[in-house]
Amino acid sequence: MTADLELALRRFDLGDPIESPVAVAEAWSNEVYRVRTRRGAFAVKLFPPNLSSSRLQVLLRAIFFEQWVLADGIAAPVPVLTRDGEVLAELPVRAGVRMARCHEWVFGTPASQVVGTDGIAASAGQVLGRLHALQVPGGDTSQLQGPDQDRWARAVAASRAAGQPWVDELVAITPLVRRLADQIDDLRRQRRPMQLSHRDFDPKNAVLDADGRLIITDWDFAGPVVAGVELVTAAASFTRTEQQLREFAAAYRGAGAPPNRPTSRLSASKWPSSTGSCATSRPLSTTGSGRNRSGTGRPRS
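If you want it as structure tokens, here you go:
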């Protein structure tokens, strides 16, 4: 067990492991471990040292949204708080400062293994519909970042100069990059409204638990989306046939009633700006209907 992981276990008061922690293979950008102690099974995520201020703000915003998701009874991994009652731990490590999170582990079947089976499409549509019904404001499309065409051109030139075998592929998709940049520029000018959502609503970030519920995991990149775009990409990921697509859409519409509270209560000004405010911006409940008894099972990042 690494020194950083050992420090995280102490901060989250998990106790000593009863077996060797297991690194999660599906984790991409961060280190994630499945840890078993006498308290239970947990997913402990270690972020890269010294996160930039912009990446930290993305993480804090995601934690804010995750709390609303849980409070509204949407099945999601349950965060474990630190000894100080915070959802994000700041670890002094040799390389500087490292952030860590912890969730209870979700036991079940990875959704990527059951896409196409009965009920999965409808379950995914229903969860996404509930997410979009929260209507948490996320600004507008003027904030979107398109591909940097100058940077792309430099990458193509550098690949050609180095004799890389993939340079022809880069050249072939350059017109697509240009079209994408133009389309995003047009979308930015339209200033269409966006709302906070998962941003990677995909089978790799979902688990079917023992009760047959679809649990969406890995909320740490949640942020502004155009709801219609997320709807299309999620539907394509969770369906295999036209009938399943219809089931997804019907479940999405059926779950889309707006909440009773006004969206003004969810203004972006309430996003947390420090690790301490994350734990208090809205209290986390550990009981209630619709909550899963365990936490993140297939964290991606």
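Take the sequence shown: its letter number 183 is residue 183 in full-length UniProt numbering, and every next letter is one higher.
The beta carbon of each residue, even a glycine, is placed where N, CA and C say it ideally should be.
For Q145 and A3, the rounded distance between their alpha carbons: Within the model, the alpha-carbon separation for A3 versus Q145 is close to 37 Å.
Can you tell me the Cα-Cα spacing of P193 and A206, whole angstroms? 27 Å
When you compare each of V177, I18 and S237 to F201 by their alpha carbons, which one comes out closest? S237
CA nearest to the CA of I103, picked from I18, R189, E66 and D148: The residue you asked about is not Ile; residue 103 is His in the sequence shown. Residue E66 is the option with its Cα nearest to H103.
Among R61, P77, G15 and E31, which has the Cα closest to the Cα of F221? R61
List the endpoints of the continuous beta strand (DSSP E) containing I63. Taken as a continuous stretch (DSSP letters only), I63 belongs to no beta strand (DSSP E), being part of the alpha helix (DSSP H) at S53 to A71.
If you follow the alpha helix (DSSP H) that G129 is part of, which residue opens it and which one closes it? I120 to A133
Would you list the one or two residues that DSSP bridges to I173? According to DSSP, I173 bridges with nothing at all.
With H, G and I counted as helix, E and B as strand and the rest as coil, what does DSSP make of R101? strand
Any heavy atom of the ligand ADP closer than 8 Å to the Cβ of D118? Absence of the ligand ADP is noted for the structure shown, with no ligands found whatsoever.
Using a 10 Å radius around the Cβ and a threshold of 16 neighbouring Cβ atoms, would you call Q244 buried or exposed? buried
Please identify the residue among Q57, A122, A100 and F42 whose C-alpha is closest to the C-alpha of P77. F42
In chain order, which alpha helix (DSSP H) runs of at least 4 residues are fully inside the region 167–232? 167–190
By a C-beta neighbour count over all protein chains shown, 10 Å radius and 16 as the cutoff for buried, is I120 buried or exposed? buried
What do you get for W105, buried or exposed, if any count of 16 or more other CB atoms within 10 angstroms of its CB means buried? buried
Using beta-carbon positions only, say whether L208 and S142 come within less than 9 Å of one another. no
I'd like to know whether the C-beta atoms of A95 and R11 end up nearer to each other than 9 Å. no
Within the same chain, show all residues whose beta-carbon is closer than 6 Å to that of E31, passing over the 5 residues directly before and after it, in chain order. L46
Going by DSSP, what residue range makes up the alpha helix (DSSP H) through G254? E242 to G254
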